[in-house]
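See below for the structure under consideration.
Number of protein chains: 2
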Amino acid sequence: MNQLCPRFEKAMVLLSTRWVGLILFELLKGAKRFSEMEADLPISGRLLSDRLKLLEKEGIVERNIYSEFPVRIEYTLSEKGKALEPVIKDIQRWAEEYVIADDIHGKEAE
Amino acid sequence: MNQLCPRFEKAMVLLSTRWVGLILFELLKGAKRFSEMEADLPISGRLLSDRLKLLEKEGIVERNIYSEFPVRIEYTLSEKGKALEPVIKDIQRWAEEYVIADDIHGKEAE
DNA sequence: ATAATTAGATTACTTTTTGTAACTAATGCA
DNA sequence: TGCATTAGTTACAAAAAGTAATCTAATTAT
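Just so you know, the sequences run in chain order Y and B.
Numbering follows the numbering used here, in which position 70 of the first sequence is assigned residue number 70; successive positions increment by one, without gaps.
Numbering follows the numbering used here, in which position 83 of the second sequence is assigned residue number 1083; successive positions increment by one, without gaps.
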């Protein structure tokens, strides 16, 4: 029935998880703190926290604690995470070429 | 607050829509009928139908009707859809290199 | 004309996932 | 002591996803 390569399917399901792509995009720019990502992305703290835990579990994101005042926690991409850069870059290129700006709040009437 | 390019964000939200990546993967192999995709993908008819309508609306997928007996309807990628090939190929490469087969039914105990 | 076949849409219903806002924990400073 | 700051967590309501069964349209053999 299902003709897909299990690794590919797993990768697709992971990368299709809402907000994961945008979080990867943020982290490709460099280390980020929780609150920076929360400010930059259209996503609530609860979901950001969920997604960061997922990505950490998958070995894509690393969490680094700096015991300063106030405490600073930085998220960075692992090698596995950085290896996703081509995917994100391709999506950026595609978006520039094909996604119509007008259509962004795309709520066509029925 | 939100620092993202609107086109990129829209592309990300679209491509992160569940099953869209797998549907694109199917269609990159060539024209497909509804029932073929339903058989190949781990997705119900209702969702497949929803996603095909979304992709058609976005100009990524084309729906072609052949009035044979019985009627045949084929889905293909538009130019905009075919332009997503690099994204899918990158994900395949990444999956082969980094996704661990063991971990596919990834349900770690808490 | 009517029943059978195929594609795909729709409906009704349950389960998951989201989003929001209020709350907690750890730390150091006034 | 108690307030400010960062980084989350919890509880709960709302939205979306998932399933299976049913429905519709086109065609054609009877």
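All C-beta atoms in this analysis are idealised placements derived from N, C-alpha and C, irrespective of residue type, glycine included.
Quantities reported herein were computed from a predicted structural model and do not represent experimental measurements.
Residue 51 (chain Y) lies in the alpha helix (DSSP H); which residues open and close that run?
45-57
Strictly under 8 Å for the Cβ-Cβ distance: is residue 1023 (chain B) near chain Y by that measure?
no
Would you list the residues sitting across from residue 1062 (chain B) in a DSSP beta bridge?
B:1076
For residue 83 (chain Y), would you say it is in contact with chain B, using Cβ-to-Cβ distances shorter than 8 Å as the test?
At a cut-off of 8 Å, the C-beta of residue 83 (chain Y) has a neighbouring C-beta in chain B.
Let me see if you follow: with CB-CB separation under 8 Å, is residue 1037 (chain B) close to chain Y or not?
no
Span of the alpha helix (DSSP H) around residue 1038 (chain B):
First-last of the alpha helix (DSSP H) with residue 1038 (chain B): 1034-1040.
Can you name the start and end residues of the alpha helix (DSSP H) that residue 23 (chain Y) belongs to?
20-28
Sequence-distant residues of the same chain with beta carbon closer than 7 Å to residue 1033 (chain B), five excluded per side:
1072, 1073 and 1074
Do you know how far the Cα of residue 1038 (chain B) is from the Cα of residue 1007 (chain B)?
Rounded to the nearest angstrom, the two C-alpha atoms are 30 Å apart.
Using a 10 Å radius around the Cβ and a threshold of 16 neighbouring Cβ atoms, would you call residue 21 (chain Y) buried or exposed?
buried
Does the distance from the C-beta atom of residue 16 (chain Y) to that of residue 1016 (chain B) stay below 8 Å?
Yes, the Cβ-Cβ distance between residue 16 (chain Y) and residue 1016 (chain B) is below 8 Å.
Identify which residue in Y:56, Y:76 and Y:86 has its Cα closest to the Cα of residue 36 (chain Y).
Y:76
Provide the residue span of the alpha helix (DSSP H) that contains residue 1091 (chain B), from first to last.
Its alpha helix (DSSP H) spans residues 1085-1098.
Mind listing the chain B neighbours of residue 112 (chain Y)? Cutoff is C-beta to C-beta under 7 Å, in chain order.
As shown, chain Y starts at 1 and ends at 110. That puts residue 112 (chain Y) outside it, with no answer to give.
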